[in-house]
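Student: So for the sequence shown, the working numbering puts the first residue at -11; every next one is plus one.
Every residue, glycine too, gets a C-beta built ideally from N, C-alpha and C.
This is the structure I have questions about; it appears just below.
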Amino acid sequence: MIRRRVSVLGSTGSVGCSTLDLMDQAEAAGTGAFQVEVLTGGANVARLAEQARRWKPRLVVIADPARLPDLRDALVGTDIETASGDAAVVEAATRPVDWVMAAIVGAAGLRSTWAAAATGATLALANKESLVCCGPRLIERVRSSGGRLIPVDSEHSAIFQVFPAEAPERVARLILTASGGPFRQTSLVDMARMTPEQAVAHPNWSMGAKISIDSATMANKGLETIEAAYLFDMTADRIDVVVHPESIIHSMVEYVDGSTLAQMGPPDMKTPIACALAWPNRLAWPAPRLDLAALGRLTFEAPDETRFPALKLAREALSAGGTAPTVFNAANEVGAYAFLDRKLGFLNIAVVVAETLERTTCEGMTSATDDACDAALAVDAEARRIARAIIERRAMAA
Ligand code: NAD
Ligand code: MG
């Protein structure tokens, strides 16, 4: 039986809902018992209130202050504390628990992830952007608080499960698998015309809008390359990406003797979440199972950096170091949302990222503060300003 007192930051999103569903299924199966301390959501009051009525957390926070009255109405008759605003989300993340799921999307999740990292809790990290922006300082912060960081991103969960943490010198390289996204076989000419609806229609995974766009541009695999470098202390030249359209092998570790260990499973985020929830134990839940005979075969191909330049840009940002990964993340986020808002063509997301990185002298963007989170947010804000200006100029020129 896995027993945990948990907080879920970003509970109304794709990963957040999967986390609560998984806990529900484990409780129904009699293999888990969970007490929820905190749930936070961005703007979806109905879903947050429904989750709160099911889990009876001590505190529920809605990031958007305008929606607090609706949340209070929806929770009338309960004794659940409610709050709103960014500061309340961060405060909620500091509440003592055994396990925190950091599942807010984008740089908006930085402060709360950073706050949770100092509590000594196990930090289940879905919010890859906070690791990309704060870098190894986030890992150090978790460690020095007596907590443990467990990656939830399926690729990093896979590597975490087969990586020899006690003897990293045994590893030659990491191999991240990528589905290739919805445009794996689409020509550049056709990619230029793709709409947000086409881009969010991922072939294997059901995810939030932003990460779906990142999968379509392969910026997601770029962010994941940076994430893997920090988590497993690897340089860019020891992290390879292979496209594997079936999304069955979630990533691999190649050892120095030529042996390669892979982790496999159906493409369902509940499996890496279950791993993070129970580690070092295993949570029994009614998981979907692999049927390899039915699958028949697994296929692989090299990524195409001409059609997916974001991958190369991320690798260059990782090698450049300093604030370049934070700038990459910020520009990519601005570009992805501009595309979702139909203000930018699909291929121009990577163009905006490249131009923002070019315009940003990374030393010029260091911040006076010692706090890695404040420093990352200062760089993030400046990079966003530059990226938005590039998009506006392009719109005026068009
Ligand atoms: P999502 O968009 O479905 O959900 C995001 C959550 O964050 C929601 O609860 C939303 O309300 C909340 N949120 C958004 N903006 C906020 C703000 N400004 N302040 C506070 N809360 C805010 O996203 P998702 O797909 O669940 O992804 C969450 C994170 O997990 C991302 O970092 C993503 O890269 C990572 N991830 C997701 C998947 C997946 O399968 N969805 C897989 C691997 C990693
Ligand atoms: Mg992933």
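Using only CA atoms, which one of Cys361, Gly333 and Thr0 lies nearest to Val177?
Tutor: The shortest Cα separation from Val177 among Cys361, Gly333 and Thr0 belongs to Gly333.
Student: Can the beta-carbon of Val340 be found less than 9 Å from the beta-carbon of Ile379?
Tutor: Yes, Cβ-Cβ distance for Val340 and Ile379 is below 9 Å.
Student: Could you tell me whether any non-hydrogen atom of the ligand MG is closer than 8 Å to the CB of Asp141?
Tutor: Yes, the ligand MG has a heavy atom inside 8 Å of this Cβ.
Student: For Ile50 versus Ala71, is the C-beta spacing smaller than 9 Å?
Tutor: Their beta carbons are under 9 Å apart, which means Ile50 touches Ala71 by this criterion.
Student: For Lys198, count neighbouring Cβ atoms within 10 angstroms of its own Cβ and tell me buried if that reaches 16, exposed if not.
Tutor: Burial call: buried.
Student: Looking at the structure shown, is Phe334 part of a helix, part of a strand, or coil, going by DSSP?
Tutor: Phe334: coil per DSSP, three-state reduction.
Student: Among residues of its own chain, excluding the 5 on either side of Lys393, which ones have a beta-carbon nearer than 6 Å to its beta-carbon?
Tutor: The requested residue 393 is not part of the displayed model; the chain covers only -11 to 386.
Student: In whole angstroms, give me the CA-to-CA distance for Ala160 and Leu299.
Tutor: Those two C-alpha atoms are separated by around 21 Å.
Student: Exposed or buried, Gly352, counting other C-beta atoms within 10 Å across all chains shown (16 or more means buried)?
Tutor: Any reading at Gly352 must be qualified, since the residue scores a pLDDT of 48, below 50, and its modelled position is unreliable; the value itself is stated next. By the 10 Å Cβ count, Gly352 comes out exposed.
Student: Could you tell me the distance, in whole angstroms, from the CA atom of Val24 to the CA atom of Glu234?
Tutor: If I take the Cα positions, the gap works out to 35 Å.
Student: Whole angstroms are fine: how far does the CA of Thr19 sit from the CA of Ala262?
Tutor: The alpha-carbon atoms of Ala262 and Thr19 are separated by roughly 12 Å.
Student: Secondary structure at Met11, three-state DSSP: helix, strand or coil?
Tutor: In the structure shown, Met11 sits in a helix (DSSP, three-state: H, G or I).
Student: According to DSSP, Ile237 sits in a beta bridge with which residue or residues?
Tutor: Per DSSP, Met252.
Student: List the endpoints of the continuous beta strand (DSSP E) containing Ala22.
Tutor: According to the sequence provided, residue 22 is Phe. The question's Ala does not apply to it. From DSSP, the beta strand (DSSP E) with Phe22 extends over Gly20 to Gly29.
Student: To the nearest angstrom, how far is it from the Cα of Ala385 to the Cα of Ala62?
Tutor: About 47 Å.
Student: Could you check what DSSP says for Pro191 in three-state terms: helix, strand or coil?
Tutor: In the structure shown, Pro191 sits in coil (DSSP, three-state: anything other than H, G, I, E or B).
Student: How would you label Lys44, buried or exposed, when you count the other beta carbons within 10 angstroms and need 16 or more for buried?
Tutor: Its Cβ having fewer than 16 others within 10 Å, Lys44 is exposed.
Student: For Gly352, name the three-state secondary structure that DSSP assigns.
Tutor: Note that Gly352 scores 48 on pLDDT, short of 50, meaning its location in the model is unreliable and no value can be drawn from it.
Student: Any contact of the stretch 207 to 220 with the stretch 143 to 160, i.e. 3+ C-beta pairs under 8 Å?
Tutor: Judged by Cβ distances under 8 Å, the stretch 207 to 220 makes contact with the stretch 143 to 160, as three or more pairs qualify.
Student: Around the Cβ of Pro313, are there at least 16 other Cβ atoms within 10 angstroms (buried) or fewer (exposed)?
Tutor: Buried.
Student: Using only the alpha-carbon positions, how far apart do Ala187 and Pro297 sit?
Tutor: Answer to the nearest angstrom: the Cα atoms are 16 Å apart.
Student: Given 8 Å as the limit, tell me if His144 has its C-beta closer than that to any heavy atom belonging to the ligand MG.
Tutor: His144: yes, Cβ under 8 Å from the ligand MG.
Student: Could you check if Ile379 belongs to the surroundings of the ligand NAD, using beta carbon to heavy atom distance under 8 Å?
Tutor: Ile379: no, Cβ never under 8 Å from the ligand NAD.
Student: Roughly how far, in whole angstroms, is the beta-carbon of Gly169 from the beta-carbon of Met206, given that I think they are within contact range, below 8 Å?
Tutor: Between Met206 and Gly169 the Cβ distance is about 6 Å, and since that is below 8 Å, they are a contact.
Student: In this structure, how does DSSP classify Asp228 when only helix, strand and coil are distinguished?
Tutor: Looking at Asp228 - three-state DSSP - the assignment turns out to be strand.
Student: By Cβ distance, which residues of its chain are closer than 7 Å to Thr344, with the 5 residues on each side in sequence left out?
Tutor: Result list for Thr344: Val315, Ala319, Ala371, Ile374, Ala375 and Ile378, in chain order.
Student: Please state whether DSSP places Glu242 in a helix, a strand or coil.
Tutor: Reduced to three states, the DSSP call for Glu242 is strand.
Student: Indicate whether Gly29 and Val48 have their beta-carbon atoms separated by less than 9 Å.
Tutor: Closer than 9 Å, so yes.
Student: Roughly how far, in whole angstroms, is the beta-carbon of Ile138 from the beta-carbon of Thr110, given that I think they are within contact range, below 8 Å?
Tutor: The Cβ separation is near 6 Å, so the contact holds.
Student: What does the alpha-carbon distance come out to for the pair Phe288 and Ser(-1)?
Tutor: Rounded to the nearest angstrom, the two C-alpha atoms are 34 Å apart.
Student: Any chance the CB of Met195 is under 8 Å from a heavy atom of the ligand NAD?
Tutor: Yes, since a heavy atom of the ligand NAD falls inside the 8 Å radius drawn around the Cβ of Met195.
Student: What does the Cβ neighbour count give for Met(-11), buried or exposed, with the cut at 16 atoms within 10 Å?
Tutor: Its Cβ having fewer than 16 others within 10 Å, Met(-11) is exposed.
Student: Which residues does DSSP pair with Met89 in a beta bridge?
Tutor: BP columns for Met89 point to Val(-4) and Ala112.
Student: Please indicate yes or no: does the CB of Gly(-2) lie closer than 8 Å to some heavy atom of the ligand ADP?
Tutor: With respect to small molecules bound, the structure shown includes the ligand NAD and the ligand MG and not the ligand ADP.
Student: Give the single residue among Gly94, Met89 and Arg42 whose Cα lies nearest to the Cα of Ala104.
Tutor: Ranking Gly94, Met89 and Arg42 by Cα distance to Ala104 puts Met89 first.
Student: Using a Cβ-Cβ cut-off of 6 Å (strictly less than) and excluding sequence neighbours within five positions of Asp202, which residues of its own chain qualify?
Tutor: Excluding positions up to five away in sequence, the list reads Asn208.
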